[in-house]
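Residue numbers (our numbering): 26 to 377.
Each residue gets a CB set at the ideal place from its N, CA and C atoms; glycine is no exception.
Remember, predicted model here, so these are calculated numbers, not experimental data.
First up is the structure itself, then whatever we jot down about it.
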């Protein structure tokens, strides 16, 4: 059977649209898998958020134009660079914009803003000095279907959508916002959703920490590093199922005069403990078969290792994740990607 050119074009557009949807679903599943296993690492560098947001806007512009949706932008000038992964930051903005366009009806409006805000609270830097935290704030607001206030607490949960009608009408697996939350937390930031309910649109606000402009340039925002004599001769067992992560830990630790034994699994770590008496344990949490939590619980049952200082490495930077690590038996929790200076400072604090 043959079709006229118009029908053929529509069929090809449908095939392309569904192929892109399937590709996005697979990419979302892969990202969630990496996040859950703690294997999603960031390629950190200074990032211009204005450029990042503009790049994300270009990817949704055609879809917005097809629905006659107006996109308005407001970027504050002279926003400081953030420290992060440019591709993952663009993914955060793209997910928010994609949702806004998807759930906004024809003729609607999406607003995107970038500003610099102070937290309004005094914190302390790595050297214990007081400072006022500043953030880059990205807001994505739409005039779409809105979010039921009862669903707002769950909007960033994996595989959660407001109802079955949403899935049938708009597609997707309910992973986009969960990925946004994890990526934002990996960057040390926060994200929140607001909506007055059905038909009142939604607003998503992302805050990413900025370098402390009040700190003298010469300090470089660096940590107060311990005396090398504190670390010399220390014995550390480093556990991670990712070869690249093990290699990174070996490099950081050996450069500081530390003797390191690496293990690729929790089982391998338990075997190593029969011959190797470490002063500190560093363990990834998201490992197959036996995870880091199970490992530390098992270690705590061994009389000689009940008080072994232990550091958890996870893909999550949230307070809940930190509490979970501490409750399992770790003394400290560090989010990936690991900052070498921070890792060394934590080790020194644990053994002093």
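The three-state secondary structure of residue 176, taken from DSSP, is coil. With fewer than three CB-CB distances shorter than 8 angstroms, the segment 131 to 138 does not count as touching the segment 171 to 180. Non-local C-beta neighbours of residue 168 in its own chain, meaning closer than 7 angstroms and more than five positions away in sequence, comprise 129, 133, 134 and 226, ordered along the chain. As for any beta strand (DSSP E) of minimum length 3 sitting wholly inside the segment 74 to 136, the runs are 95 to 100 and 107 to 109, ordered along the chain.
With fewer than 16 neighbouring CB atoms inside 10 Å of its own CB, residue 313 falls in the exposed class. Contact check for residue 274 against residue 266 fails: the beta carbons are separated by 8 angstroms or more. Per the coordinates, the alpha-carbon of residue 117 lies some 43 angstroms from the alpha-carbon of residue 302. If you look at residue 339, you'll find it isn't in any alpha helix (DSSP H); it sits in the beta strand (DSSP E) that goes 335 to 339. Within the same chain, and ignoring the five residues on either side of residue 331 in sequence, the residues whose Cβ sits closer than 7 angstroms to its Cβ are 325. In this chain, the beta strand (DSSP E) harbouring residue 357 covers 357 to 360. Counting along the chain, residue 287 sits inside the beta strand (DSSP E) bounded by residues 284 to 288. Rounded to whole angstroms, the gap between the alpha carbons of residue 80 and residue 371 is 38 angstroms. In the three-state DSSP reduction, residue 259 falls in the coil class, being neither helix nor strand.
When 351, 335, 214 and 271 are compared, the shortest CA-CA separation from residue 374 is found for 335. Straight across, the Cα-Cα distance linking residue 272 with residue 338 is about 15 angstroms. DSSP places residue 331 outside both helix and strand once states are collapsed to three, so it counts as coil. For the 8 angstroms CB-CB criterion, residue 139 and residue 104 form a contact. Look at residue 162 here: in three-state DSSP terms it is strand. Nearest C-alpha to residue 74 among 92, 100, 86 and 91: 100.
Taking 8 angstroms as the cut-off, the Cβ atoms of residue 211 and residue 160 do not count as close. Straight-line spacing of the CA atoms in residue 142 and residue 166 works out to 18 angstroms. Taking C-alpha positions only, residue 353 is separated from residue 366 by approximately 25 angstroms.
Scanning the segment 264 to 310 for uninterrupted beta strand (DSSP E) segments of 3 residues or longer gives 284 to 288 and 305 to 309, listed from N- to C-terminal end. By the criterion of a C-beta distance shorter than 6 angstroms, residue 208 is surrounded in its chain by 113 and 117, once the five residues flanking it on both sides are discounted.
Ranked by Cα distance from residue 229, the first of 307, 28, 259 and 164 is 164. Separation of residue 358 and residue 126 (C-alpha to C-alpha, rounded to the nearest whole angstrom) is 38 angstroms.
Annotation: residue 72 to residue 115 spans about 10 angstroms, alpha carbon to alpha carbon. In this structure, DSSP gives residue 230 an extended state, which the three-state scheme calls strand. For the pair residue 259 and residue 376, the CB atoms are nearer than the 8 angstroms cut-off. Per DSSP, reduced to three states, the secondary structure at residue 314 is coil, with no helix or strand assignment.
Residue 219 is bridged by DSSP to 228.
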